[in-house]
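Chemist: First the structure, then my questions, so here it is.
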Amino acid sequence: MRLLKSRFVPLAAFAICVFAAGCGEVNSTIDKAQACLEAPKIVADLGAQLKTLADDPKAMDKALDDAATKLNDVADKAANTTIKEASDDLAKTLSGINVTTVNDAVDATQKVLSESAAYAEKVAKACTG
């Protein structure tokens, strides 16, 4: 579990940096700005949930599905192609993870953290570019 916490902290910090610095451009469209605000928050919230749900596979599975739904919503709203594609891709990954045991939960958490870091990087570039 210590490994998971040490991976979550940089991801959360990165998401906060994207939220605070990268998405407040004056010339952004409303759709892009909204996507830039929502996307990192969804990822950060999911990371926080996964920490607390490691011993509850059913709840973790639901949290993954809920996050996938929210990311699909962001993708639908995003005027920016990069944000749309990245959100769709991560949503597909999350909805494809099936958590039925505690071992699945550990594997799922590691996969989500890895995929979320790549997603956050894509979104950060799209939001600041």
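Numbered according to mature numbering (1 follows the signal peptide of the UniProt record, and there is no 0), the sequence shown spans residues -20 to -1, 1 to 109.
Every residue gets a Cβ at the ideal spot worked out from N, C-alpha and C, and that includes glycine.
In this text, all values refer to a predicted model and were calculated from it rather than measured experimentally.
The alpha helix (DSSP H) that contains Gly76, what's its start and end?
Modeler: Here residue 76 refers to the residue found at position 96 of the sequence shown. From DSSP, Gly76 is part of no alpha helix (DSSP H); its letter is neither H nor E.
Chemist: So, using beta-carbon positions, are Val82 and Ala88 closer together than 8 Å?
Modeler: In the sequence shown, counting from the first residue as 1, residue 82 sits at position 102. In the sequence shown, counting from the first residue as 1, residue 88 sits at position 108. Not a contact, by the Cβ cut-off of 8 Å.
Chemist: Find the nearest neighbour of Gly27 within the set Ala47, Ala15 and Asp35, judged by alpha-carbon distance.
Modeler: Taking the first residue of the sequence shown as position 1, residue 27 is located at position 47. Checking every option, the nearest Cα to that of Gly27 belongs to Ala47.
Chemist: Give me, in chain order, the residues of the same chain whose beta-carbon lies closer than 8 Å to that of Asp45; leave out the 5 immediate sequence neighbours on both sides.
Modeler: Indexing the sequence shown from 1 puts residue 45 at position 65. The answer, listed in chain order, is Leu74 and Ser75.
Chemist: Determine the contact status of Leu93 and Ala71, defining contact as a CB-CB distance below 8 Å.
Modeler: Translated into the one-based positions of the sequence shown, residue 93 becomes position 113. Translated into the one-based positions of the sequence shown, residue 71 becomes position 91. No, the pair does not count as a contact, with Cβ atoms beyond the cut-off.
Chemist: Identify the continuous alpha helix (DSSP H) that holds Gly109 and give its terminal residues.
Modeler: For this step, residue 109 is matched to residue 129 along the sequence shown. Careful: Gly109 lies outside any alpha helix (DSSP H) and carries neither H nor E.
Chemist: Taking Cβ positions, are Leu30 and Ala39 nearer each other than 8 Å?
Modeler: Numbered from 1 along the sequence shown, position 50 holds the residue referred to as residue 30. Numbered from 1 along the sequence shown, position 59 holds the residue referred to as residue 39. For Leu30 and Ala39, no; Cβs fall outside 8 Å.
Chemist: What do you get for Ala66, buried or exposed, if any count of 16 or more other CB atoms within 10 angstroms of its CB means buried?
Modeler: Stepping through the sequence shown from its first residue, residue 66 is reached at position 86. Ala66 comes out buried.
Chemist: Once DSSP output is grouped into helix, strand and coil, what is the label at Asn60?
Modeler: Counted from its first residue, the sequence shown places residue 60 at position 80. It is coil, neither helix nor strand.
Chemist: Nearest-angstrom Cα distance between Ala24 and Ile77?
Modeler: Position 44 of the sequence shown holds residue 24. Position 97 of the sequence shown holds residue 77. Using only the alpha carbons, I get a separation of about 18 Å.
Chemist: Identify the continuous alpha helix (DSSP H) that holds Ala15 and give its terminal residues.
Modeler: Translated into the one-based positions of the sequence shown, residue 15 becomes position 35. Ala15 -> alpha helix (DSSP H) spans Ile10 to Thr32.
Chemist: Out of Glu95, Ile22 and Asp36, state which residue places its alpha-carbon closest to the alpha-carbon of Ala55.
Modeler: The residue labelled residue 55 in the question sits at position 75 within the sequence shown. Checking every option, the nearest Cα to that of Ala55 belongs to Ile22.
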